[in-house]
Amino acid sequence: MRGRMIARPIAQAALAALLACAATGVRAQDAVDPVRLPRLEHLVRTADARALPALRAAEEAMAARPYAERIAFLKLLRRAYADVGDIAASVQTADRMVSLAEAQGDALNTALGLLARIETAGDHVQPGALAVVNEVDVRYAGLREHEFTAALQRSYAAAYMELGQLDLAQSHYLKGLEIVRQHPDLLEPTANVLRLGLAKVYVYTDAPDKVLAILAQIDAGGGVLAPTADTRRYVTEGIARVMQGRLDEGRAAYRKGLAIAHAHGLTMYEASALANIADSWLEDGQYVEAEHAARAALALAEQAHDGPTHRVSEGNLGFALAGQGHLAEGLVYIDRVLAEQREAGALPDMANVLLEKSRMLEKAGLVRQALEALKAQREVAGKLTAAERANTARVLQEQFNVQRRAIEIESLRRENVLKDAEIRKRRVLQLVAWTGAGLALLLCGFVWRLYRRSMRTSRQLRELNEELAFHSTHDALTGLLNRRSFRTAMAQRQPGTSRCFVLLDIDHFKAINDRLGHAAGDEVLVDVARRLRACVDTRGLVLRWGGEEFLVYVDGGDAAAHAELVRALLGAVAGEPVATGDGQLLPVTITAGALSVPPGLDDALDWQHALALADAALYRGKQAGRRCAYLDVAGRTGTAAQGMRLVPEDAPAASV
């Protein structure tokens, strides 16, 4: 199916049988002895199969040991669980690390535990991981231990990888690798694990030569790879060789990974390796061999409950059957995969399958069906491009939030410095007062000067606090309220009244920036904000929602009143051109999407859902040619009935 699959770990059902203490030959009381901890660490570092059973055998006795031994033990246990692919147990152990370290005031191991518990599988992380990593980075900015900085770089790399920001992921992997090279004694991450992550980046950037070069650097000095990671190593190598057109060498690498996965009972990895083998046979035009490999992968994927591999295997099977002339039977599998991918939101995989389907149908002489598949592929590719743009914007927003939090922390630090200075000054005043009546006149003058300085410092501190409070709730450019203030308003709102949410977007704003420069664009934003605020007045809230997008929120009123407000907003902006500082008059219009929410729908429709429906109405306005608005009315099921199309007073309105 031309898909590149890098295996992801899974907790194997047979793992429980391996945890018997007898399998280790290690007594619990010996395992927790301080002399024995290095032995357990050696088992973990060498990926010895006896490591996890030995740690489990010692777990109960470890509860009575000193803190330093318990936290070291939990770090070994978490790593051992991760090495066998039991991510749920690994995350639970990371939670135990955080609880224990926080109780002891241990910042280093608290931070390490917080980073460890966002893992999912195979250097993947949970959704929203970047925000968590940013939070840990800001909160523990004072930590300089190499163990923390290396783990932080790996977490950043994995988080950016999930978001598709490959250049940032590569940068953080390289930074982590440099730290580990200088400190090879770190338990994790190891140099070889970081090299595997870097190789995955190069796979996604279509750089097979770099993949093979970084994999060639994996050696004993970089840490022994666990079977899960070792399997991923050979599957990644196979992908790179197939990308180079060396299909036989690629299959040989896949089979090495398959053998390791089979020997250690890693069913999901077996399925992944076989799926890649089937894909290589399809590349080679060997459809019978592709069918055999795909059927074997399909059975293992079902056994492992691995949805992504199951879909890839079904697709491979469909293309293999079609290649042998069984087109109708093959299309059944292919169309089922497309339906599953559509439901799962797997747009990149869906685009690949549609493209391959189009080529297959064209080869079979079914030109009309091939064109339909190609058209569907282009639609999916368009959605994927839009999703990537939104993803990039989200990453930039999170980076901005990190910088803003760092500024807030620095402001608090300065505030504490000012308070300390004030306390010291008060102590000086007390000391001066005790020197005696003989110096009373002189001391009064000195005290007066100190008092004035103290008042000035307090005033400066108060003004700084007021400025910080204002900027935390208002947009710096337009002076409008921001998202944070809107969340606060929604949390404090009393239910029971009708509501109206209006999202507004300046038409062709990018063209203004590109043609006249960002200074003119800023003038347009400020003037539009002023007009919207004047139009709404005291009836509701006006916010800058982001970029050239604004939000108007009103409590009370019915759909007719809401329609009048929306039409007034359109007219307020379009009524007169915006005058720039250099004397130009710019005609500016907006497109809006509004949702009128009748009273009594607070439980059925929260504000986030309401904004999503308003955004859908805004999208319809843009599709309809801009310079208009769509007003929808919310129903009791949490959906919106498409309502009316609104235009400024000088343009005709039409119902939809």
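Numbering-wise (the working numbering), the sequence shown opens with residue 1 and increments by one.
Ideal Cβ placement from N, Cα and C applies to all residues, glycine included.
7 Å Cβ cutoff met for residue i and residue j
i           : j           : result
residue 657 : residue 315 : Outside the shown range of the chain (1 to 656) lies residue 657, about which nothing can therefore be said.
residue 526 : residue 473 : no
residue 589 : residue 537 : no
residue 211 : residue 240 : yes
residue 270 : residue 261 : yes
residue 253 : residue 197 : no
residue 359 : residue 340 : no
residue 145 : residue 108 : yes
residue 528 : residue 539 : no
residue 280 : residue 247 : yes
residue 96  : residue 74  : yes
residue 610 : residue 595 : yes
residue 101 : residue 90  : no
residue 153 : residue 128 : no
residue 593 : residue 569 : no
residue 237 : residue 258 : no
residue 166 : residue 205 : yes
residue 282 : residue 319 : yes
residue 330 : residue 321 : yes
residue 363 : residue 373 : no
residue 629 : residue 566 : yes
residue 132 : residue 113 : no
residue 621 : residue 591 : yes
residue 580 : residue 520 : yes
residue 78  : residue 94  : yes
residue 275 : residue 313 : yes
residue 161 : residue 169 : yes
residue 195 : residue 179 : no
residue 224 : residue 47  : yes
residue 535 : residue 563 : no
residue 613 : residue 641 : no
residue 647 : residue 559 : no
residue 475 : residue 544 : yes
residue 577 : residue 587 : yes
Endpoints, alpha helix (DSSP H) assigned at residue i
i           : result
residue 555 : Counting along the chain, residue 555 falls outside any alpha helix (DSSP H), though it belongs to the beta strand (DSSP E) covering 549-555.
residue 248 : 247-263
residue 328 : 327-344
residue 199 : 191-204
residue 621 : 607-623
residue 291 : 287-304
residue 508 : Residue 508 -> no alpha helix (DSSP H), and no H or E assigned at all.
residue 538 : Element bounds for residue 538: n/a, residue is neither H nor E.
residue 72  : 67-83
residue 41  : 37-45
residue 558 : Where residue 558 is concerned, there is no enclosing alpha helix (DSSP H), given that its DSSP letter is neither H nor E.
residue 318 : 307-323
residue 237 : 227-243
residue 364 : No alpha helix (DSSP H) contains residue 364, which DSSP labels as neither H nor E.
Range of the contiguous beta strand (DSSP E) that encloses residue i
i           : result
residue 140 : Residue 140 -> no beta strand (DSSP E), and no H or E assigned at all.
residue 596 : 590-597
residue 642 : 640-646
residue 631 : 629-634
Minimum C-alpha distance to residue i - residue among the options
i           : options            : result
residue 148 : 182, 494, 189      : 189
residue 601 : 519, 544, 496      : 496
residue 532 : 625, 547, 574      : 574
residue 635 : 643, 299, 249      : 643
residue 52  : 62, 40, 516, 470   : 40
residue 615 : 626, 297, 503      : 503
residue 444 : 429, 219, 605      : 429
residue 505 : 627, 581, 607      : 627
residue 187 : 222, 235, 178, 207 : 222
residue 499 : 476, 475, 459, 557 : 557
residue 335 : 376, 303, 305, 301 : 376
residue 115 : 54, 640, 159, 378  : 159
residue 542 : 501, 517, 514, 140 : 501
Beta-ladder partner(s) of residue i, from DSSP
i           : result
residue 502 : 552, 594
residue 585 : 579
residue 219 : According to DSSP, residue 219 bridges with nothing at all.
residue 544 : 550
residue 481 : 474, 543
Cβ pair count under 8 Å reaching 3, the segment 227-242 against the segment 264-271: yes
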